[in-house]
Each structure stands twice: as C-alpha cells, then as structure tokens.
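Chain order of the listed sequences is A and B. So that you can map any letter, position 325 of the first sequence is 325 in the numbering used here, and since no number is skipped, the others follow by simple counting. So that you can map any letter, position 16 of the second sequence is 1016 in the numbering used here, and since no number is skipped, the others follow by simple counting. For glycine and all other residues, C-beta sits at the position ideal for the given N, C-alpha and C. The next block holds one structure in the form of structure tokens; read it before the comments.
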Amino acid sequence: MNKLNIKSRIKVEPSTRDSVSTWLDVLTGMLVMPESQRTQVRDELEDHLRSRVDDLLIMGKSEPEAIRIAVTELGETAELAKLITHAHSKTNPRRKLMNTALIAVALGGMSFGGFNILNGTNAPSATPSNGGAVPVVVPEETERVVQAGKTHTFAIKMAPMQEILISIADAFDRKIVFSDDARTGRMQDFLAMYAEKFQGEYIFDEAIRHFRKKFSEGLYGYKLVISEDTILIQSADEYQRSLVETRVYPNPSWITQPHEQVSYAESLHELLMVKFDLEYTSIQIIGDSIVVAAPPNIHIEFLQLTEELDEVIGKRNASMKTKREQAKAEMERKNAEFKRTLEQETRETNDARKLVVDRIQEEFDMVRSELLVTNEKLRLVENTLSSMDVFDPDRQSSNETFEAQVLNLMSAREKLEFEHDETEERYFYLRTRLLESQYANLFEGLE
Amino acid sequence: MLTLKQDHSELVVLSVLAIGPSYGYAISKDIAARSEGHFKLSPSGMYPLLTKLEKNGLVTTSWEEVKAAGADPDSTGRRRKWYTLSAKGQKQLAQSIERHRQVQSILDGFVSQAPQSELANG
C-alpha cells in the first residue's frame, strides 16, 4: 500500500464530466456481483445520471450544480449499492432450481475447474465431533473503538472534508493514509468537493464518528479505518478483503472417497460463484478438511449451502439405502427359492437314477441265476452224453432206442448252448450298464 | 409529495410499461408527470425494483446505444437499458389492478359511511 500524506494540501478541482465517471467507479466498486452485471448496472446508472444532468442543464443549472443535484437524487451511494446488490443476489425460485441442478451435477461426480487443491499432510483438521468450523485466523476488528484519551476543541466554520480530516489527524497526532483504491479512485478530489462546519469538543473516536456522519455521502462508501497512528481511507472492496477469515470445515460424514471430497468442494465453490464475485475468496482441500478464506457473509452462505447439500445428499443416501436393502432382500429370497428347487430336482433325479440302477441290478441278478441254471443243465447234458458209450457191447436197450436217446440229448444240448449264449450276452450287457450307472453315481458324488 | 410504497411502486411501474417500453430515467419522469408531482419513486427504490421485475420475468430488457445531442457522430455513446412488459407481466398487472379495485371498493364502503363533518372538525 502506498502512503500519501495529503498535508501537502494540493487542491485539485475535479472536472465535472469526470466526477460522474468517478462517482460511478465508486459505486460499482461497492457492488458485490459478477463483473458483467456490475458493468450493466454502471451503464444503466450512467444513462440515468447523464439524462438527468442534461435535463437540469436545460432548466438553466450550471454543469457542476446539475451533477451535484443528479448525484444527490440517487441517494446515499453505499445504501444504493447495497440495495442494488441485494436485488441482484436474491435467491429466486429459478436460482433455487439452478442450485439443485448444480448439486445434481456435483453428485454425478463431474468436475468443475478453476481452483487449487493442496495436499498438505500437516493440515489442520476439523471433525464433526469438535463442533464443525474451526476459526484459524480471525483478523482484528478494524473499526474498533479507540480508547478514550485527550479531547480537542474544533471550531471550523466551513471547510472542505479534506481540511477537517487533516485537522482531526493533526489534533490527535495521526497520519492520513490513502489505500491504492482511494488513490486510483481519486478520493482526494472528493474530499475537496464537500464542505461542512465542524465544531465541538471531542475525543478522537467521537471526532471520527462525527466526521463519518457528516460526510457519509461525500465518502462514497469509502471507509475510515483507524489504527494507533493512522487514519486509513479504504474502498469497500479493500475493506472486504481485510475482513477475510480463514475457517476449516470438516468433510461431511457421507464422504468416503477423495474424488467425492473434490467434487463436494468444487460444487460448493460453483454454487457460491452463482451469487458472489469470489475474487477474494478461496476454497481449498487440505488433508481431510475444506479450508475457506472469505469474508463473514460468504462463510454464512457457505454454511447454508453445506446444509442444503447435506440435506439433499442425506435424502438421496437414505432412499438409496432403502432401495439397496429391498434389492438385497429380494435377491436373498430368490436365492433361497432357487436353492430349494435345485435340491428338490437333485433329490428327484437321484431317486429316478436309483430306481433305474435297482431295476438293472434286479434284472442282472435274474439273468445271472438263469445263466447259472443254463450252465448246470448244459453240464448235466454234457455229462450224460459222455457217460453213454455208443460202442458198449453190454448195452441192454436196442440200438434204435439208444440212438434216439443220444439224438435227443444232443438236440437238448444245442438248445441249451444257444440259451446259454443268449443269457450270457444279456448278462454282460447288464453288467456293463450296472457298472456305468454305479460309476455315474460315483462321479455325481465327486462333483 | 407522496413516496410510493413497494406494493404501489410495482403497480405503478407495470402500469407505465403497459403503455409502451421505457427506460429507468423516463419511467421516473413519467411517474412524476402522471401523478402531477405527487408521486416520487427514488432511483434507490426503482432500480432494485426493475431488477426484481426482470428476474421474475415480468419484464424483458434490451440495450440501445444513445448519444448526447450535438455529440460527435463517430464517438461511442452511452448504453440505455429498455424495459418491455412481458406476457407474464401483463397478466400480473391485470391481477394487481383487479386486487387494487377490490381493496378500493371495500375502503370506499367504509369511507362513505364515516361522518365527514366530525372528522373534519376532529
């Protein structure tokens, strides 16, 4: 900040045309809104002022007088700026919808660019358990009341603001310091424009209060910031910057992933940008916390937004939880049903297979018995045949009868041999089937 | 000189715009002229109100470049913001007029029965 002592008392007569522009500079400097809106407000008010000045000139007023009247009619500058800012920042239903839409986008995990993310490891941390926001840096109250001290009697009959301010500064041994904005905004010119009387016995802070009251219009929203040895003249914007406080906010409990935290901080930033010009505000993620450096009004808005966002997300999570639980219950029910059906089918299959195996086993046993019987019969016939000596001389029966017996036995043997072959074939077939079925059961068990 | 209340301001501004598009300074002059100087809508009341009307969709806006009389034709002029009553604004105005008439007739009912002479003397 450049220091400039106006004790040099150089009087600068402001150009009248310029004073409209300068007044507009001062007013727009006090508007808290995006640059594009600020330009529109400025253009509209300039049109109003110049139209009014033109009318007053036609009515025979001098140009400086016309400008003075036109500016005065607009009302107290700071108040006008406040009313216009308020009208522009009011949340209307459309904005509310926009907020909700942005929240939805944020939930979708989309990323908004344009701000720093720090990954400090020793970052301060705040948790819901320690009550939320933790103020880290709280600037000293700049408009504090100065301690009571010596008094001074002023007897200024009529003088410009700047002379009165110099008298106060002289009387209480303080320097007048112009901020950068006050210098570029030609605050000195304005101090020379307004004149008033200033009389009475005051202590320092009373004198300043009285001065502020008398010249509330002439100060054009500029602030007199008092410190031990200076009177600082500062614009509303600079004053706002000086009010910036850094606070640490905890992450909401529902955030579990780093990308969710980034998305959360970014959406809050985006939501704040809808309402404020965030030139002197920063939102950063440090460790597990969100660090916001901003004037108090933005902190208030930030808290409101976090509440709004938490409410929306809380509702969404609750509804998702219910849906998840319903889906889980449905899945479990289906699984149980499927398991029951499978068990039933398996049981039925096993029963059916067992039935088949039992039948084969039964048939196999029967065929084996048949085969044994056929074998026995065949053996008997073979034995009988071999015991009959065709050439026995002691044979009782006639040759014819004997021959017939042999032929019968041979025919029976042939028949039995055929039967035996058939039965044996069935026996092997059934044995294979039985083995197959038993193996199948075995593999089933292994699977 | 009567200062307009907010409710009345909106009705008055919408009524002025019902005649045709206008801009801030002209609206304030029109109000003063039509009320024969009885009504005054200050700029600190009017501009925030116009912003509100615009945000609520009751008026639409457009910009025009204007030059001061006798200015260099090649120079850049200043910008003027024009306000036009929207369809929604017309509907709102009709409702406001209806409401105003109802209130007026109710009030007239009271006023006409009050003993004039006693009031004047009291």
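query	result
Residue 1048 of chain B versus residue 258 of chain A - alpha carbon distance	43 Å
Contacting positions in the region 1034-1059 of chain B - beta carbon closer than 7 Å to chain A	1042, 1043, 1044, 1047, 1048, 1051, 1052, 1055 and 1056
is_contact[residue 272 of chain A, chain B] using C-beta, thresh 8 Å	no
Contained beta strand (DSSP E) runs [length at least 3] in the region 243-306 of chain A, N- to C-terminal order	245-250, 282-286 and 289-294
Counted within 10 angstroms of its Cβ, other Cβ atoms place residue 1074 of chain B as buried (16 or more) or exposed	exposed
Cβ neighbour criterion (16 or more within 10 Å) applied to residue 215 of chain A	buried
Buried or exposed (CB count within 10 angstroms, at least 16 for buried), residue 1102 of chain B	exposed
Beta carbon proximity, residue 1088 of chain B to chain A, threshold 8 Å	no
Chain-ordered residues of the region 1012-1026 of chain B with a beta carbon less than 9 Å from chain A	1023, 1024, 1025 and 1026
Chain-ordered neighbours of residue 1071 of chain B on chain A, where CB pairs are closer than 9 Å	Those do not exist, as residue 1071 of chain B stays about 11 Å from chain A at its closest Cβ, beyond 9 Å.
Where residue 23 of chain A falls, given that 16 or more other Cβ within 10 Å makes a residue buried	buried
is_contact[residue 141 of chain A, chain B] using C-beta, thresh 8 Å	At residue 141 of chain A the pLDDT is 39, less than 50, meaning the model places this residue with poor confidence and gives no usable figure here.
Pair within 8 Å by beta-carbon distance, residue 371 of chain A and residue 427 of chain A	yes
Element boundaries [beta strand (DSSP E), containing residue 1103 of chain B]	Unbroken run through residue 1103 of chain B is the alpha helix (DSSP H), 1087-1113; no beta strand (DSSP E).
Any non-hydrogen atom of the ligand ZN within 7 Å of residue 238 of chain A CB	Of ligands this structure carries none, so the ligand ZN is not represented either.
7 Å Cβ shell around residue 197 of chain A - same chain, five flanking residues per side excluded	156, 157 and 158
Element boundaries [alpha helix (DSSP H), containing residue 179 of chain A]	Neither: residue 179 of chain A is in no alpha helix (DSSP H) and is coded neither H nor E.
7 Å CB neighbourhood of residue 88 of chain A in its chain, flanking five on each side removed	33 and 37
Neighbouring residues, chain A, relative to residue 1068 of chain B (Cβ below 8 Å)	50 and 54
Three-state secondary structure assigned by DSSP to residue 71 of chain A	helix
Short Cβ contact (8 Å threshold) for residue 301 of chain A with residue 272 of chain A	yes
Sufficient close CB pairs (3 or more, under 8 Å) joining the region 251-266 of chain A to the region 216-228 of chain A	no
Buried versus exposed, by CB contacts within 10 Å (16 or more), residue 161 of chain A	buried
Closest residue to residue 265 of chain A among A/64, A/383, A/292 and A/367 (Cα-Cα distance)	A/292
Reduced DSSP category for residue 1052 of chain B - H, G, I as helix; E, B as strand; rest coil	helix
Alpha carbon of residue 234 of chain A to alpha carbon of residue 260 of chain A, nearest angstrom	40 Å
Under the three-state DSSP convention, the category residue 1039 of chain B falls into	strand
Partners in chain B for residue 218 of chain A, counting only beta-carbon separations shorter than 9 Å	Simply none; closest approach about 17 Å.
Proximity test, Cβ basis, 8 Å: residue 1109 of chain B and chain A	no
Contact check, residue 417 of chain A vs residue 378 of chain A, beta carbons under 8 Å	yes
Span of the alpha helix (DSSP H), counted from its first residue to its last, around residue 59 of chain A	Counting along the chain, residue 59 of chain A falls outside any alpha helix (DSSP H), and DSSP gives it neither H nor E.
Closest Cα partner of residue 1025 of chain B within the set A/74, A/406 and A/433	A/74
Residue 285 of chain A and residue 262 of chain A closer than 8 Å at C-beta	yes
Proximal chain A residues relative to residue 1081 of chain B, where beta-carbon distance stays under 9 Å	40, 43, 44 and 47
Segment contact flag, the region 48-59 of chain A with the region 1012-1020 of chain B, C-beta cutoff 8 Å, min 3 pairs	no
Three-pair Cβ contact test at 8 Å for the region 1052-1061 of chain B versus the region 1075-1095 of chain B	yes
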